[in-house]
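First residue of the sequence shown: 18, per my numbering; consecutive thereafter. Note that CB positions come from ideal geometry on N, CA and C, so glycine has one too.
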Amino acid sequence: MKTNDIMARLRAKYPGENEYLQAVQEVLESVEEVYNQHPEFEKAKIVERMVEPDRIFTFRVTWVDDNGEVQTNTGYRVQFNSAIGPYKGGLRFHRAVTPSMLKFLGFEQTFKNALTTLPMGGAKGGSDFDPVGKSNDEIMRFCQAFMLELWQCIGPDQDIPAGDVGVGGREIGYLYGMYKKLARQYNTGVLTGKGSTWGGSILRPEATGFGALYFTQNLLHKAGKDIKGCRVAVSGFGNVAWGACKKATELGAKVVAVSGPDGVCEIPDGITPEMIDYMLVMRASNRNRVEDMAEKFPGACKFTAGKKAWSVKCDVALPCAFQNELSEDDARELKENGCWCCCEVSNMGCQPGAIHFFQHNGVLFAPGKAVNAGGVATSGLEMTQNASHISWSGAEVDAKLHFIMDSIHEQCVKYGTQPDGTIDYVKGANIAGFMKVATAMLEQGIV
Ligand code: 2IT
């Protein structure tokens with residue numbers, strides 16, 4: 018297999034699908050050497066099969082807004098790979114959603130899910146519906162209209178959606194309510210991220226951020242450091258950023274920045290529990306503004322319009338918002354300001370140039386599919402609880418999440434340790450995930 022040849026073919030076949038092409042290129046570059054040591058992979062054309070989704074559902078979603086006007090959006094579900102289990106992955110509601118974006122996310126999800134040690138295949142879905150400025154009723158009507166089509170594609174042993182950008186506990190509630198009406202199936206395991214009184218796992222909301230900090234702590238310990246006392250810059254203020262801020266603070270770090278599309282809030286004395294709680298209020302408001310935090314906590318927070326979290330002096334950078342949110346220029350600015358570690362929490366949060374810069378300039382770096390896998394791992398734990406009709410305590414879920422993050426870190430070390438003793442976490446995560454999926458595909462024949 019030659020990465021360049023496969024990429025040339027995919028670029029010609031899928032012109033303009035930039036996020037998808039970027040995600041595929043990163044994985045293929047990482048695995049090329051190992052892959053070519055396995056002629057049986059080449060013979061079964063594993064790579065050629067693995068880069069194509071199993072299937073994509075595309076559907077029209079029509080709903081009525083608060084002014085009585087008819088609105089039409091497009092909905093998708095990309096079922097990417099089922100080699101190691103039923104399709105699993107979140108739903109993203111964002112105005113910029115395209116098939117390319119969901120293909121990149123589904124592709125990444127396949128390897129991420131393989132890393133969790135749980136039996137889950139990869140999927141992603143969503144819509145170009147823009148939640149910004151929408152009322153609660155509009156969100157409900159959109160979710161119901163979306164489920165009118167989606168319900169036929171999903172099932173607890175078939176395909177299990179969850180949240181992602183723009184989809185949290187509220188949206189999962191509306192989606193699940195409509196699913197039951199349509200399918201007349203009352204198995205809670207069809208969606209994860211549910212409310213804790215109706216089948217949701219304790220700690221699922223926190224899990225992505227908590228898991229990211231457990232992974233970061235492992236990475237820092239391996240490098241002889243500790244998160245305690247570190248200044249941490251976080252981008253975003255949604256569910257993932259919230260969990261990351263909570264656990265970072267609990268572990269003794271100081272979160273000195275959170276950001277939004279409108280700018281950055283600098284918090285020189287570190288984020289407080291009240292500010293962390295307020296992030297949830299900002300998310301639920303659908304205003305998509307971090308300036309609200311500075312207005313709520315004047316004195317403690319300083320808002321600067323148009324700036325990113327990466328302009329704030331920190332030791333550790335945690336991108337928690339959106340793909341490609343951290344550019345090579347941002348990476349240089351971070352390094353100049355003293356940052357020495359970046360753990361990517363968002364999916365593909367760093368541009369390729371930024372990753373290259375970090376890796377060649379002594380900044381510790383780990384990729385999203387390893388760092389953020391605690392979210393989907395805890396979704397897997399939610400499915401287990403639902404299937405066995407039980408509910409674990411927070412302490413039980415936390416212990417399992419911690420164990421899974423330790424195991425993901427170990428897999429990265431196993432496959433990513435370089436001859437000079439350093440650890441390439443990108444290679445480690447990609448090779449570990451790839452080997453598991455490739456072996457399963459091989460064993461299941463040419464299908
Ligand atoms: O990117 C992700 O891993 C998620 N949005 C969570 C997916 C899930 O099924 O919990």
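Within the chosen limit of 8 Å, the ligand 2IT reaches the beta carbon of Q126 through at least one heavy atom. According to DSSP, residue pairing for S144 in a beta bridge involves G92, F110. A distance below 6 Å between beta-carbons, with the five flanking residues on each side excluded, links C282 to the following residues of its chain, in chain order: V275, V307, M310, A311, C318, F320. At a threshold of 8 Å, V207 does not count as near the ligand 2IT, since its beta carbon sits no closer than that to any of the ligand's heavy atoms.
The Cβ atoms of I189 and T214 do not sit closer than 9 Å to each other.
In the displayed model, K239 falls within a helix according to three-state DSSP.
The straight-line gap separating the alpha-carbon atoms of L297 and N256 is approximately 7 Å. When rounded, the separation of the alpha-carbon atoms in C359 and C429 is 16 Å.
The region 106-118 makes contact with the region 30-40; the number of CB pairs closer than 8 Å reaches 3 or more. Counting the other Cβ atoms within 10 Å of the Cβ of H238 gives fewer than 16, which makes it exposed.
Residue side-chain check: T395 places its Cβ nearer than 8 Å to a non-hydrogen atom of the ligand 2IT. One thing to note: I171 has its Cβ no nearer than 9 Å to the Cβ of Y191. Y104 sits in a strand when the DSSP states are folded into three classes. If you draw a straight line from the Cα of G228 to the Cα of H419, it is about 7 Å long.
In the structure shown, F254 falls within a coil segment according to DSSP collapsed to helix, strand and coil. Counted as a single uninterrupted DSSP element, the beta strand (DSSP E) harbouring C360 occupies residues 358-360. Here DSSP, grouped into helix, strand and coil, assigns I244 to coil.
Between L108 and G150 the beta-carbon gap is near 20 Å, outside 8 Å, which marks them as no contact. Take F159, set aside five residues on each side of it, and the residues of its chain with a beta-carbon closer than 6 Å to its own are W80, F146, in chain order. When the beta-carbon positions are compared, M67 and A455 come within less than 9 Å of each other. Within the same chain, Cβ atoms closer than 7 Å to the Cβ of F76 are found at G92, E166, the five residues on either side in sequence being excluded. P178 is bridged by DSSP to G106.
Counting along the chain, the unbroken alpha helix (DSSP H) around R28 starts and ends at 20-30.
In the DSSP annotation of this structure, the continuous segment of the alpha helix (DSSP H) that includes K60 starts and ends at 56-60.
The beta carbon of A334 sits closer than 6 Å to the beta carbons of A250, L351, C356, C359 from its chain, once the five residues preceding and following it are set aside; these are given in chain order. Counting only runs of 3+ residues, the beta strand (DSSP E) found wholly inside the region 323-383 occupies 333-335, 358-360, 381-383, in chain order. Taking a contact to require three or more Cβ pairs closer than 8 Å, the region 362-380 and the region 335-346 qualify as touching. The region 116-134 and the region 444-459 touch, with three or more beta-carbon pairs separated by less than 8 Å. In this structure, the C-beta of K211 stays at least 8 Å away from each heavy atom of the ligand 2IT.
The Cβ atoms of G183 and H111 sit closer than 9 Å to each other. CA-CA distance, P336 to E361, rounds to 5 Å.
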